[in-house]
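One structure below.
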Amino acid sequence: MASRGTSGISTIVREDLGLKGFKVYEVSRPANALHIHDRRDFYKIVLVTGDMIIQYGDNTIEINDTFLFFANPRVPHTVVHRSMDRKGYACLFTEAFIGGRERREMLHNSPLFRFDGIAVIPVNGEQTAFLAGLYQKMLSVYNGDYHYKNALLRSCIELIIHEALRIQPLQHALKPKNAATRITYLFTALLERQFPVESPADPIRLRTAQDFAGALAVHVNYLNRSVKEVTGKPTSMLIAERMIAEAKALLQHTGWSVADIAYGLGFEYPTYFNNYFKRATGVTPQSFRKGKV
Numbered sequence: 001m002a003s004r005g006t007s008g009i010s011t012i013v014r015e016d017l018g019l020k021g022f023k024v025y026e027v028s029r030p031a032n033a034l035h036i037h038d039r040r041d042f043y044k045i046v047l048v049t050g051d052m053i054i055q056y057g058d059n060t061i062e063i064n065d066t067f068l069f070f071a072n073p074r075v076p077h078t079v080v081h082r083s084m085d086r087k088g089y090a091c092l093f094t095e096a097f098i099g100g101r102e103r104r105e106m107l108h109n110s111p112l113f114r115f116d117g118i119a120v121i122p123v124n125g126e127q128t129a130f131l132a133g134l135y136q137k138m139l140s141v142y143n144g145d146y147h148y149k150n151a152l153l154r155s156c157i158e159l160i161i162h163e164a165l166r167i168q169p170l171q172h173a174l175k176p177k178n179a180a181t182r183i184t185y186l187f188t189a190l191l192e193r194q195f196p197v198e199s200p201a202d203p204i205r206l207r208t209a210q211d212f213a214g215a216l217a218v219h220v221n222y223l224n225r226s227v228k229e230v231t232g233k234p235t236s237m238l239i240a241e242r243m244i245a246e247a248k249a250l251l252q253h254t255g256w257s258v259a260d261i262a263y264g265l266g267f268e269y270p271t272y273f274n275n276y277f278k279r280a281t282g283v284t285p286q287s288f289r290k291g292k293v
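full-length UniProt numbering applies: residue 1 is where the sequence shown begins, and numbers increase by one.
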């Protein structure tokens, strides 16, 4: 078993990304077994073959094959390599690089980048060959002097995203079909838009069904009825699940104190957050952070 260490994206890649908003590179054997990526300002799409465990937000995914991995800068993730052998490609880009309202909306709304979305998609040999060709094209264009290289790189990113959706199509249509589905869709989008929590000084504002009903200009009973009809869960349960998922992510992936996490999640006092978290998980925030689950 490989030793555990920490390693993020290399300094050269970070600097390059900061200057140009885009970077594509070939993935080789990792120097360390554990890569921890906190929230950053870039999206990442990786095509890789390897044996690893990916913790994305509050989800844990074990993979030992070739797959695509889609990382949202708003969702921290950790990669534990169970083997020193890996190969593939990685593409990183900022929202500013992708440009255009339609492309930005594609990123924000795509199930590939959602907190509760797909994130990891296994690919077969034929699909790998096609995707590897796109990455190789990006490498060639990126290192070349083509005048419109950014436009071509953006097109390659879109092709990868569309190919991923073609490989694993959505099980449920995103387009609302009736009034109840529409208000539930709006509630879910409004809930998700509050996350991630970036600073204790900028806490989330909507924490109850009544808060969301007010923001959506509907009666709270109508919101509750619609959400329960569409999802099978009470509005308060969905809010609590998302709050706890964010709390776990902050406890696992940041150095914030429990008090700061409490304030960031809109709790007036840390003790309220401690009680809330323990009721939902059975353990205190500190015990969860220490792995005493």
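Where is the CB? At the ideal position from N, CA and C, for every residue including glycine.
Predicted, not measured: the structure shown is a model, and the values here were computed from it.
Using only the alpha-carbon positions, how far apart do residue i and residue j sit?
i	j	result
glycine 50	histidine 147	36 Å
threonine 284	phenylalanine 277	6 Å
arginine 279	leucine 238	15 Å
methionine 84	tryptophan 256	31 Å
alanine 96	threonine 184	30 Å
proline 200	leucine 191	18 Å
serine 155	lysine 149	10 Å
glutamate 158	tyrosine 89	16 Å
isoleucine 204	glutamate 62	32 Å
valine 141	threonine 254	36 Å
leucine 112	phenylalanine 70	6 Å
asparagine 178	alanine 259	42 Å
alanine 240	histidine 162	33 Å
asparagine 64	alanine 249	24 Å
glutamate 105	threonine 235	26 Å
alanine 2	valine 48	A caution first: alanine 2 carries a pLDDT of 35, below 50, which makes its placement in the model too unreliable to give a value.
phenylalanine 273	phenylalanine 267	6 Å
glutamine 168	tyrosine 135	20 Å
valine 79	phenylalanine 212	35 Å
phenylalanine 288	aspartate 145	51 Å
leucine 251	tyrosine 263	13 Å
phenylalanine 42	arginine 114	14 Å
arginine 166	isoleucine 160	10 Å
isoleucine 118	asparagine 275	32 Å
threonine 188	alanine 151	33 Å
residue 305	serine 110	Residue 305 is absent from the model: the chain starts at 1 and stops at 293.
residue 327	glycine 214	Residue 327 cannot be examined here, being either before or after the span of the chain that is shown, 1 to 293.
Confirm, please, whether the CB-CB distance from residue j to residue i is below 8 Å.
i	j	result
isoleucine 261	alanine 245	no
lysine 20	leucine 92	no
leucine 186	leucine 216	yes
threonine 128	threonine 66	yes
valine 220	glutamine 210	yes
methionine 243	leucine 265	yes
phenylalanine 22	leucine 153	yes
valine 123	isoleucine 54	no
valine 46	lysine 87	no
Quick one: using the 10 Å Cβ neighbour count with 16 as the cut-off for buried, is residue i buried or exposed?
i	result
glycine 282	exposed
proline 196	buried
lysine 290	exposed
asparagine 143	exposed
proline 73	buried
glycine 232	exposed
lysine 175	The predicted model places lysine 175 with a pLDDT of 46, which falls under 50 and marks its position as unreliable, so this point remains unresolved.
tyrosine 269	exposed
phenylalanine 130	exposed
glutamine 286	exposed
How close, in whole Å, do the beta carbons of residue i and residue j come, if the pair is a contact with beta carbons under 8 Å?
i	j	result
leucine 68	alanine 164	5 Å
histidine 77	tyrosine 56	5 Å
valine 227	methionine 138	Not confirmed; about 42 Å, so no contact.
residue 336	alanine 180	Given that the chain is displayed from residue 1 to residue 293, the structure contains no residue 336 and the question cannot be resolved.
Do we get a CB-CB distance below 8 Å when we pair residue i with the residues of chain D?
i	result
proline 270	Considering every chain present, this structure includes no chain D. It has just one protein chain.
**Message:** Quick check for students: name the residue ranges of the beta strand (DSSP E) that lie wholly in the segment 61 to 118, counting only runs of 3 or more.
**Reply:** 77 to 81 and 87 to 94
**Message:** Restricting to runs no shorter than 4 residues, where is the alpha helix (DSSP H) found entirely within the segment 125 to 193?
**Reply:** 125 to 143, 149 to 167 and 179 to 193
**Message:** My parser needs the alpha helix (DSSP H) runs of 4 or more residues fully inside the UniProt domain "HTH araC/xylS-type" (181 to 291); what are they?
**Reply:** 209 to 216, 220 to 231, 235 to 253, 258 to 264, 270 to 281 and 285 to 289
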